[in-house]
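Only one structure is covered here, and it is reproduced in the block below.
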Amino acid sequence: MRFVKSLQYDIRNNKQLLILLILPVLWVLIFKYQPMYGLLIAFKDFKAHLGILHSPWVGLKHFKAFINSYMFARVIKNTLIISIQSLICGFPIPILLALALNATKNKPWKKLVQFTIYAPYFISTVVMVSIIIQFLSPSVGAYGHFVKLFNLETKVLMGIPKYFSTIYTVSGIWQYAGYSTIIYLAALAGVDPTLHEVATIDGANRFKRILHVDIPGITPTMVTLLILSVGQLLQIGFEKIFLMQNPLNMISSEIISTYLYRVGLKTGLPKFSYAAAIGFLNSIVNVALLVSVNMASKKVFKTSIW
Amino acid sequence: MKNVKMRSTLSDKFFYTFNFLFLLLAFVGVIYPLIFILSASFSEPTAVSSGKVWLFPVKFNLRGYEAVFNDSKIWRGYYNSIVNTFFGTLINIALTILAAYPLSKKSFRSKKYFMFLFIFTMIFNGGLIPTYLLVNQLNLINTRWALWLPNAMSVYNMIITCTFFKHTIGEELFEAAQMDGCGDIYFLMKIVLPLSHAIIAVNALLYSVGHWNMFFDAMIYIQDVTLRPLQIVIRGILLQSQFDASMTSNVNVEALAAQEGLAELLKYSLIIVASIPMLLIYPFVQKHFVKGVMVGAIKG
């Protein structure tokens, strides 16, 4: 009701702004909200010739089928292992790097390190995965040559399921840790310099000032980013995992999104409704995670994203 | 007192040394693989496959690059990626500004409702299957529009741009222009855009990196070989090892033994070739990139 009123006001006074908004609003309705409506097929047996509206309702059949399938436990487990491991290992490193960069007095050196560690962010996923595979190749890769130096036995690391999440995590840190420091450096630049001066007069050395001035200064940023990452625990990037998969490591590399793609689009007989149900379930869990982490953090840290 | 000061400088010295070593570790850890790939791509095939390359190119030569540039698939992939990136980014920037400008205006009363409409899509979305069915239903499969339209705007970038407008373009400026009979559209074109080079650069950068590196959408929406962007082509060569026989056939017989080596060398050269555009623009845009993250951080 209030929306109608303010819209009427804007039609009278801000006509041109509304005209500017026509295209973006059309776009968001068609390409973002229409697929949300399309999620109805998760509760139906979608038949292309009947369309979304006229396909028969089947209730929670597809959700039940997914939860009862043998893949359910596996994809959830793999998704959680990979994402929790990357979160735990990947979260502190940009903070340490940013603190170290911020404490450096040598400006050209700081610039050089920043310039270098941001660069891998620009590498495409396809190229990144190729680099991983090249490096870990037991016959021609750096890993193989290095191990042979010590006359040790080489292994096909990419084919060993238990190493999959570690390879994913370490390469992810290599590619993104540098880039992730930017936001912490911005927060560190906002720390009041008089706090540092006061602490120095009180006899705090540089390390103590990191502990008692810098870290408290960036805690809100840390908490915000942590909330966002936990909210995305079940949303690990499809592309990198998909490209790293091979038949040997499949048992630990099949995650929700790759499984969804495999049953939903890749097969000759795509199960649209079943895959849509998996996606729907995933989205709901994501929202629930985000909301609950945000609420918990509001209580504990007095920081929240809304 | 003097004693205390001595101690603290000593511990500071220790700290700065440790700090330097830590950053050195990060620096070497990131740059070594990059240098290795670059060196390997300029080395002799056998030197690469037998592990003689550690830091600098061994027996400098360009055979890997010759093989890469002899492949017409790669040229076509390059062409497609450039077209996709250029027009895709144009569409992105246009739509982003169209949405961000009205939503940055204080006097726009329905602002918060429209903002909610956009932000909600960041938290919840239809996901892969419904989006695919929509693109299919709109007959966009196997056209470049399938890569442009579903990704025509990123709400996150739109919010960054909106924040920028709020902070840079004062309300008074518009009121002054309004006195002179200037409407919003004219104001946006003649005053706001010329003042917004920085944010347009940030958007161009973020979006073009996205388009250039786009893989998944191209994989599901583009089956037509002639429309395949570079990422799909190099995936075929690097990860599925389906390179053309023609790519290596013009190599003479004595090199045949080194075919395996050449295949490996070619991969390194291809990694470099695929990354050249990004490597070339990176030094120039690094500043803007940092700025983009900072502007985004204002809002938190």
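Those sequence lines, one after another, are chains A and B.
Note that my numbering has the first sequence beginning at 509, numbered continuously upward.
Note that my numbering has the second sequence beginning at -6, numbered continuously upward.
Virtual Cβ for every residue (Gly too), placed ideally from N, Cα, C.
Remember, it's a predicted structure, so these values are computed and weren't measured experimentally.
The Cβ-Cβ distance between A191 (chain B) and F180 (chain B) does not fall below 7 Å.
Put simply, of B:G203, B:F208, B:L121, B:F158 the residue whose alpha carbon is nearest the alpha carbon of I184 (chain B) is B:F158. Only V637, S638, I639, I641, Q642, F643, S645, S647, V648 from the stretch 636 to 648 of chain A bring a Cβ to less than 9 Å from some Cβ of chain B. Scanning its chain for C-beta atoms nearer than 6 Å, with the 5 sequence neighbours on each side dropped, one finds no residue around F80 (chain B). Across the stretch 700 to 713 of chain A, CB contacts with chain B closer than 7 Å involve G711, N713, in sequence order along the chain.
The Cβ atoms of F746 (chain A) and Y275 (chain B) lie no closer than 7 Å to each other. Taking all protein chains in view, the Cβ of Y25 (chain B) is surrounded by fewer than 16 other Cβ atoms within 10 Å, so the residue is classified as exposed. Contact with chain B is absent for S688 (chain A), since none of that chain's Cβ atoms lies less than 7 Å from the residue's Cβ.
Taken atom to atom, the span from the alpha-carbon of A783 (chain A) to that of G725 (chain A) is near 44 Å. Here C597 (chain A) is not near T689 (chain A), since their CB atoms are 7 Å or more apart. With a contact defined as Cβ atoms closer than 8 Å, N754 (chain A) and M636 (chain A) miss out at about 16 Å. At a Cβ-Cβ threshold of 7 Å, L605 (chain A) and D722 (chain A) do not count as neighbours. For V512 (chain A) and R102 (chain B), the gap between their C-alpha atoms comes out near 11 Å. Membership of V731 (chain A) in the alpha helix (DSSP H) is indicated by the continuous run 723 to 739. In the three-state scheme derived from DSSP, where H, G and I count as helix and E and B as strand, W565 (chain A) is classed as strand.
Under the three-pair Cβ rule at 8 Å, the stretch 733 to 745 of chain A does not count as touching the stretch 645 to 665 of chain A. For A550 (chain A), there is no enclosing alpha helix (DSSP H), as DSSP marks it with neither H nor E. A Cβ-Cβ distance of about 16 Å is found for the pair L188 (chain B) and I153 (chain B), leaving them out of contact under the 8 Å criterion. Annotation: the continuous alpha helix (DSSP H) that includes K105 (chain B) extends over 104 to 116. Assignment of alpha helix (DSSP H) within the stretch 560 to 630 of chain A, counting only whole runs of 4 or more residues, yields 569 to 576, 578 to 598, 600 to 611, 615 to 626 in chain order. Taking 7 Å as the threshold, the shortest C-beta distance from D518 (chain A) to chain B falls below it.
Taking 7 Å as the threshold, the shortest C-beta distance from K807 (chain A) to chain B does not fall below it.
In the DSSP assignment, G680 (chain A) falls within the unbroken alpha helix (DSSP H) covering 672 to 697. For P616 (chain A), the closest Cβ of chain B is not nearer than 7 Å.
When Cβ-Cβ separations below 7 Å define contact, L255 (chain B) makes no contact with chain A. Excluding residues up to 5 positions away in sequence, P669 lie with their Cβ nearer than 6 Å to the Cβ of I759 (chain A) in the same chain. Here DSSP, grouped into helix, strand and coil, assigns I538 (chain A) to helix. Proximity of chain B to T633 (chain A) at the Cβ level (cut-off 7 Å) is accounted for by N206, F208, in chain order. By the beta-carbon neighbour count (other beta carbons within 10 angstroms, threshold 16), F49 (chain B) is exposed. Contact annotation, L126 (chain B) with G787 (chain A): C-beta distance approximately 12 Å; criterion of less than 8 Å not satisfied. Note on geometry: alpha-carbon atoms of I30 (chain B) and S638 (chain A) lie some 11 Å from one another. Within a 10 Å sphere around the beta-carbon of R510 (chain A) sit fewer than 16 other beta-carbons, which makes this residue exposed.
When secondary structure is reduced to three states using DSSP, D217 (chain B) falls in the coil class, being assigned neither helix nor strand.
About 35 Å separates the beta carbons of L199 (chain B) and V41 (chain B), which is beyond the 8 Å limit, so they are not a contact pair. When secondary structure is reduced to three states using DSSP, K99 (chain B) falls in the coil class, being assigned neither helix nor strand. Residue-level contact by beta carbon fails for Y149 (chain B) and chain A, as no gap is shorter than 7 Å.
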